[in-house]
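Below: one structure, written as structure tokens.
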Amino acid sequence: MLKAEYQTRGPIPQDVIDAVPLELGELGDDEVLLQLVGSPINPSDVLTLTGDYGILPPLPAVGGSEGIAKVIEKGANASLEVGSYALVPFGSGAWATHFKAKVDELTPMPNAADPLQLAMLGVNPPTASLLLSEFVNLQVGDWVIQNTANSGVGTYLIQLAKQRGLKTVNIVRRESLIEPLKAMGADVVLVDSDQLADEVAKATNDADIKLAVDAVAGGATEKLAQVLAHGATLVTYGAMSGESSQVSPMSLIFKDITVRGFWLARWLQEAPVAQQQALYQELAGLIASGKLATPIDKTFPVSDIKAAIEYAVQPGRDGKVLITAE
Ligand SMILES: NC(=O)c1ccc[n+]([C@@H]2O[C@H](COP(=O)([O-])OP(=O)(O)OC[C@H]3O[C@@H](n4cnc5c(N)ncnc54)[C@H](OP(=O)(O)O)[C@@H]3O)[C@@H](O)[C@H]2O)c1
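Residue numbers for the sequence shown follow the numbering used here, beginning at 1 and rising by one.
Below is the structure:
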């Protein structure tokens, strides 16, 4: 049994984390032993290793924040059957081969067509869903624009928008993504360029775009602002460029754009529990039935955590990178 632990934080994330032995002790009567099935490496997990995220756990800590695990052994009185799935216990650090938990502390998951897809339920699907619902009262047929359209959040947003009758303009950094994103339900996919504003106008027939969602920041924010309709809203929820957001005064003054930010962690602190449960139940159902998915590029075992992080921070991946038990 192993866990991916870090004792310090630093600028090169794979340098601070290492796979070390994990001791779990005896299994209690009301406990189950779970084996990790999968846990994604999200950008927020990397920022947690470098010390740049909004909340940082005390050290030493185990990396990773979400995932799915399978029950492999149960205590005499534990009600969860061997072979059933549950989310990795919240706050425990997800990059470990095994977990021990009391059944009432676990969130059971349905047996899914692809359990690795359910491993990514916690962070990106609700973010995509809430970006579409919490800022603008979008109506069927309305347009939304986003960058990082091939990211986890971006691909969920394409599929959820389609299911809600919304239209999407999607910005990516390479041409090979155009057809796969269209197959997922994207209406327009454009490769980023200096002619983006003209290309968006042409591809949408000069549609009024009411919402832009930005995970890049820097100059990418202004590129979105330039194509928005008067009175539209721009929400920044990520900063993949590592730069400060730029919005020209002309976009603010002449179009009266509203600029907002979104952080799922804050929403989870503030939204009523019933609303949170309803959202996760809806998304888990869509994922378990295969109606909501994101591409997976590669998996790495916990023992290979350094190589996994090094790989995950490279640009141009074909999907998410997940950590597995072996
Ligand atoms: N605020 C919140 O609550 C919240 C919640 C979830 C996620 N997020 C944020 O959402 C963003 C996406 O997360 P994810 O897990 O969906 O990402 P992901 O699947 O790991 O994909 C990363 C994406 O970022 C793009 N990218 C990387 N560096 C870039 C750069 N310098 N300029 C432009 N694009 C760049 C990649 O494009 P290529 O394929 O071209 O390299 C890819 O589309 C991250 O910033 C994350 O922190 C925020």
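Beta carbons are placed, not taken as given, at the ideal position from N, Cα and C, and that holds for glycine.
Taking non-hydrogen atoms of ligand 1 into account, the C-beta of Met184 is found less than 6 Å away from none of them.
Going by DSSP, Phe254 is part of the alpha helix (DSSP H) stretching over Pro249 to Lys255.
For Leu228, the shortest C-beta to heavy atom distance toward ligand 1 is 6 Å or greater.
CA-to-CA, the gap between Leu211 and Ile72 works out to about 45 Å. Per DSSP, the beta bridge partners of Leu2 are Pro21.
The C-beta of Glu243 has fewer than 16 other C-beta atoms within 10 Å across all chains shown, which makes the residue exposed. Arg260 sits in a strand when the DSSP states are folded into three classes. Taking 7 Å as the cut-off, the beta carbon of Lys167 is found closer than this to the beta carbon of Asp187.
Within the same chain, and ignoring the five residues on either side of Asp256 in sequence, the residues whose Cβ sits closer than 7 Å to its Cβ are His230 and Gly231. Secondary structure at Ser39: strand, using DSSP grouped into helix, strand and coil. Looking at Val227, Leu252 and Val213, the one whose alpha-carbon comes closest to that of Leu196 is Val227. Note that the segment 297 to 317 does not touch the segment 127 to 134; fewer than 3 beta-carbon pairs, one per stretch, sit closer than 8 Å. If you draw a straight line from the Cα of Thr50 to the Cα of Glu175, it comes to about 31 Å.
Here the distance from the Cβ of Leu131 to the nearest heavy atom of ligand 1 is not below 6 Å. Between ligand 1 and the CB of Met240, the shortest heavy atom gap is smaller than 6 Å. A distance below 8 Å between beta-carbons, with the five flanking residues on each side excluded, links Ala203 to the following residues of its chain, in chain order: Val169, Val188 and Leu190. Fully contained in the segment 178 to 240 are the following beta strand (DSSP E) runs of length 3 or more, in chain order: 188 to 191, 209 to 214 and 233 to 236. Thr294 is positioned such that its CB atom lies closer than 7 Å to that of Gly152. Taking the Cα positions, Leu292 is about 14 Å away from Gly319. Taking non-hydrogen atoms of ligand 1 into account, the C-beta of Thr97 is found less than 6 Å away from none of them. Within its own chain, the residues whose Cβ lies closer than 6 Å to the Cβ of Ser241, once the five positions on either side in sequence are excluded, are Val216, Ala217 and Gly218, listed in chain order.
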